[in-house]
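To start, the structure itself, in structure tokens.
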Amino acid sequence: MSARRALSILFMLATTVGVALPGDSLSVRDKGLINALAESTFKRYVALLDEIAGLEANDDESALLVHELIMSACGPGRDRMFLRPDVRIQDNVDPTNGPQTAGKDRPVEEYANDLLLYFQSRDPLRTAVEAKLLKMREPGVSEHTFTQVLYEMRFLGRHSQLTEPYVTHRRVLEFVAEPRAGGGWDVVIASDNFFDPSATFSEALLEQDLDSLARAGRKDIKQLTAAAAEYRSAFEQEQQREEQQRAERRLAFETAMAAARDQLTSGDFEGATNLLEQARSLDPLAVDPLVLLNETRRAMERKRLKDEADYASACEEGAALNGMRAYDRAKRSYERALVVKPGSTEVKALIDGLNAILLKKKDREKFHALGDQDKALAQVQAALKEPGRSGDVELLVLEARILIAKGLSGQAVPLLNTVLQREPRYLDALSLRASVLEKSNVPDQQQAAVADYYSLMLHDPWSPSYHHRLARLLCHTQGKCDEAMEVLEQAKTKAPNDAETHYQMGVLLAHRARHADALARFDGSLELDNACARCHLARGLSLLELDRAADGEAAVATAQRTGLSDSERTEMTLLAQQHLSKAKELQGLNAFAEADHHFLLACVLDPEQSENRLLKARNLMRFEQYSAAITDLDRYIEKAVTPFVGFLERGNCHLGAGNYDLALKDFETILSNNVESMRQPAMLGKARAFFAKGDPANAESLLKGVLKTEKRNGEVLAMMTKICLAAGRYEEAKGYGEQAVDADKMSGPGYVYDLGLAYQAMLNDNAAVRCFEKSITLGYDRADAKKQVGRSAMLVGNLKEALPAFDESLRIRDDVECGRWRAHCLRETGKYQEALEQLNLVYDRNEAMKRDVSIHVDLAMLYVLNERLPLAKDYLAKAEALDPLFRPTQLTKSAYLYRAGQQQESVRLLRSLVNSGEVKEDDLRKWPVLKEVMASKAYRDSKR
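Each residue of the sequence shown is one higher than the one before, counting from 193 in the working numbering.
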């Protein structure tokens, strides 16, 4: 150490209280205690430097934090770290400094400020200082009690202004030990310097390895061993005591900090401040309490300024409302001011005055409030006749309100006009007049209401309700929805956290069928007020409009649980009835899909009416949405008191969906419960299920059982017609069909249609056509009926009459079967090109045709007939790939070979088919081209 540096330390130590007197000696135990405390102080010193190095240097607050940390580290108490504030540190913040530089030491606070300003951590979330204790000196006494620590240190980062990197240096911490009044020692830092590599650091003898001393042949080894044991015991005991105390204080510190954060979050700034001061006393060198204290002070100041502003605003609002005779709202404004400043005698006096006014007002309006409008009117008119009260504006407004309640709005408006001529800013009068005029059908009066609402918004900017009412008037009554939205946006700007404004915006958007945008507004209103039942209801309706049925139904259920008012529940019921009426109207127009939406809304809005679910399911069945209908019927069955009609309809749905076993189960439920009124339709349902499952015998047995007691049951007879047709018993089918039509003079079109199928099967073309045409007049599907008209004509060979019927059917609806029959008729009448075009349409529009061998054969033959042989060859190849043994493929191939000039191959193939008995020559003469083959000399010669 330089002489100058030594003199500086000696001077500092000489002026410090509690130093040991010259000649004092230290016990081995004291030496252990002092070095244990020195090591603890060293660790705290490194932690302090790390705290400072990790701070941001971009504001004044960090500099203040550093100042407070250093002052705390120099202050009295057991956490004291530095001997005095002017303890000097040799600068290692500048990376160019080292043991070779002299005169670069500075007071600890200046050193700490340089560390804050110029050091930039490599990673702000990780350690900025890397330090390791190497050796400790044996404590001694000269003019003071002292010890030293040799350590190495490096900053993990860079200097903000210099490019030189930080490297590891060895440094020496010098400590002064001061005896405590109650025993023990306080060990504090006196200096921190670079270690001169040319110097020797005298490590404490008792710190050295005892084994190495024994090997060195020390004669006092036993004495030294005992001393070392005492030294180590004292050292370790002191370390354990320090660690235990610090652990206890750390736990108390963390508890205080957590509680302080909670208090700060809840707005209890005084409680937070007390807890943070407590945390500081537990760990004076911690940064977090200082940071939170500053944050708390700023929050307190912000609250003070906000309270001042809120107080002034509430008083201003109260005064303005009082001047406009809105006494109840003025009182609420002053009450808000009183919450901010509970001791304000001025505000209390104003509230007392308003209470007196409101008490008189309540007494004056008691009959009106009780609903006795005649008595109320007589009382107010008598009061107006009293001397000096004829022009009392408050009495005139009360009279107007009573007249409105009596349905005499026309008499109320002149009174309100009189009041507003005298006091244009009388809020109740303006609001009443606007509410009357907006209900008028006269455009000028509606526009006057708009003007009144704009006046209310101007005079009373504190209430968004005028914006809401004006928006409803503009959009719903006048159709000015864009202007209405602008009005609501103004309200939202003034009061962004007003849930009602968000709700009204959603209502307006829903009115314009912008349900996705409306949903966002309803969500916003519920974020502000989740207990808003009508917000949940409106949200649910928007979800339903967006086809999110489950979410919409859940939202409506939430609205009902949250607590709709009686008027809102009544409105829901009325709305449900409107949707039910609309659904039935759409049903009458055969718009079943559109009707389903309105049935759904009726079900959701009035869930107690389980009958609506049944109606909804029946509507779904009308356009074959069986799965959806089953879901509705499940819910109907669950709620209905007598659910058997639900079982019947669900069984019919399962039939339509192909769930025949489930259908049988539902029908059996009715039969096993002896529900006599539904026995016949349940038996019929079972029969249909058996028939669909391929068990016509069981189906016929059931139906014949019904016919024993109900011989003229049209539905059963019609089902018997189908069974007989499927079995090829055409005469029986005709008989049952005629009975079904005769049994039910108002029979449905299906009965007549089925009878037509029976006549068709018997090749009675005229009778079949009459039935199909009649079924159309009765409402049967025209496309299907016309298709069968064409087929009837086709079956008896009347192809020219068949074609117009097929044409009409295909104009209504594309149909594979009808298209192929039309192509057949065209081919048979020699219209090969038209036939090819028709069959190609069928092939291109129906993917399933790509796997049908017969259509490939038909196309191949038509390409042969149209002399387009390459394409004919392609389709023949496709047909053979699908089914190489399909006989028509071989016949068509023979025709193709003949037209392709390969007559011998054609004749050979055809002759092999005839000789094998697979085809008959008489049948082949009906085939175009093949009859030419048979007429050829080559074919005739092939017989020989």
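No residue lacks a Cβ here, since even glycine has one placed at the ideal position from N, Cα and C.
(request) Let me know if Asp-674 comes out buried or exposed under the rule of 16 or more other beta-carbons within 10 Å of its beta-carbon. (result) exposed
(message) With distance defined between alpha-carbon atoms, name the residue in Asp-454, Met-263, Leu-257 and Leu-530 nearest to Asn-486.
(response) Leu-257
(message) Need the endpoints of the alpha helix (DSSP H) that Lys-324 sits in, please.
(response) Run containing Lys-324: none in the alpha helix (DSSP H); it sits in the beta strand (DSSP E), 321-328.
(request) Determine the DSSP secondary structure at Leu-551, reduced to helix, strand or coil. (result) helix
(message) Within 10 Å of its beta-carbon, does Thr-207 have 16 or more other beta-carbons around it, so buried, or fewer, so exposed?
(response) Unreliable positioning characterises Thr-207 in this predicted model, as indicated by a pLDDT of 37, which lies under 50. A coordinate reading is not provided.
(message) What does the Cβ neighbour count give for Ser-1086, buried or exposed, with the cut at 16 atoms within 10 Å?
(response) buried
(request) Identify whether Ala-746 lies in helix, strand or coil by the three-state DSSP scheme. (result) helix
(message) Checking 8 Å against the spacing of the C-beta atoms, do Phe-859 and Gly-838 come in under that value?
(response) no
(message) Relative to the C-alpha of Thr-1142, which candidate in Val-748, Asp-544 and Ser-819 has its C-alpha closest?
(response) Within the shown structure, residues of the chain are numbered from 193 to 1136, placing residue 1142 beyond reach of any answer.
(message) Please report the straight-line C-alpha distance between Glu-428 and Ile-226, rounded to a whole angstrom.
(response) The C-alpha of Glu-428 lies about 11 Å from the C-alpha of Ile-226.
(message) So Ala-932 and Ala-910 are supposed to be a Cβ contact under 8 Å. How far apart are they, rounded?
(response) 4 Å
(request) Compute the distance between the beta-carbons of Leu-711 and Ser-734, then report whether it is under 8 Å. (result) yes
(message) Within 10 Å of its beta-carbon, does Ser-458 have 16 or more other beta-carbons around it, so buried, or fewer, so exposed?
(response) exposed
(request) Kindly give me the distance between the Cβ atoms of Ala-787 and Leu-778, rounded to whole angstroms, as I take these residues to be in contact under 8 Å. (result) The pair is a contact, with the Cβ atoms about 4 Å apart (cut-off 8 Å).
(message) Can you list, in chain order, the residues of its chain with a C-beta nearer than 7 Å to that of Ser-1134? Leave out the 5 residues immediately preceding and following it.
(response) Val-1099 and Arg-1103
(request) May I ask which residues mark the beginning and end of the beta strand (DSSP E) holding Phe-714? (result) Taken as a continuous stretch (DSSP letters only), Phe-714 belongs to no beta strand (DSSP E), being part of the alpha helix (DSSP H) at 707-720.
(request) Would you mind giving the Cβ-Cβ distance between Ala-746 and Leu-619, rounded to the nearest angstrom? I have them listed as a contact below 8 Å. (result) No, Ala-746 and Leu-619 are not in contact; Cβ-Cβ is about 41 Å, not under 8 Å.
(request) Tell me whether Thr-834 sits in a helix, a strand or coil according to DSSP, three-state version. (result) Thr-834 carries a coil assignment under DSSP once its states are collapsed to helix, strand and coil.
(message) Quick check: the Cα distance between Thr-339 and Ser-352, rounded to an integer number of angstroms?
(response) 35 Å
(request) Consult DSSP for Phe-347 and reduce its assignment to one of helix, strand or coil. (result) In the structure shown, Phe-347 sits in a strand (DSSP, three-state: E or B).
(request) Please confirm whether Asp-378 and Glu-366 have their CB atoms less than 8 Å apart. (result) no
(message) By the DSSP assignment, the alpha helix (DSSP H) with His-361 in it spans what residues?
(response) That residue, His-361, is in no alpha helix (DSSP H); its beta strand (DSSP E) goes 361-371.
(request) With a 10 Å radius around its C-beta and 16 neighbouring C-beta atoms as the bar for buried, classify Gly-952 as buried or exposed. (result) The question names Gly, but residue 952 is Gln in the sequence shown. Buried, because 16 or more other Cβ atoms sit within 10 Å of the Cβ of Gln-952.
(message) Once DSSP output is grouped into helix, strand and coil, what is the label at Val-1111?
(response) coil
(request) Name the residue from Leu-1068, Ala-574, Pro-357 and Arg-441 whose alpha carbon lies nearest to the alpha carbon of Arg-270. (result) Arg-441
(message) Could you check whether Phe-387 and Pro-287 sit closer than 8 Å to each other, using their CB atoms as the reference points?
(response) no
(request) Can you tell me which of Ala-820, Val-867, Lys-914 and Lys-1112 puts its alpha carbon nearest to the alpha carbon of Arg-880? (result) Arg-880 has its Cα closest to that of Lys-914, out of Ala-820, Val-867, Lys-914 and Lys-1112.
(request) Mind checking who Leu-607 pairs with in its DSSP beta bridge? (result) DSSP, once it has assigned bridges, lists no residue as partnering Leu-607.
(request) Using 10 angstroms around the beta-carbon of Ser-601, count the other beta-carbons present and answer buried if the total reaches 16, otherwise exposed. (result) Buried, because 16 or more other Cβ atoms sit within 10 Å of the Cβ of Ser-601.
(request) Assign Pro-1080 to one of three DSSP states: helix, strand, or coil. (result) For Pro-1080, the three-state secondary structure derived from DSSP is helix.
(request) Give me the Cβ distance between Arg-726 and Leu-756, rounded to the nearest whole Å; I'm assuming they're in contact under 8 Å. (result) Right, their Cβ atoms sit about 7 Å apart.
(request) Let me know the secondary structure DSSP gives Phe-386 once reduced to three states. (result) strand
(request) Could you tell me if the beta carbon of Arg-983 falls within a distance shorter than 7 Å of some heavy atom in the ligand ZN? (result) Among the ligands in the structure shown, none appear at all, so the ligand ZN cannot be discussed.
(message) Just verifying my parser: in three-state terms, what is the DSSP assignment at Phe-274?
(response) strand
(request) Let me know the alpha helix (DSSP H) ranges lying completely inside the segment 644-703, each 4 residues or longer, listed in chain order. (result) Whole alpha helix (DSSP H) segments, 4+ residues: 657-664, 673-686 and 691-703.
(request) Under the assumption that Arg-346 contacts Thr-355 (Cβ atoms under 8 Å), give the Cβ distance between them as a whole number of angstroms. (result) Actually they are not in contact, since the Cβ atoms of Arg-346 and Thr-355 sit about 17 Å apart, beyond 8 Å.
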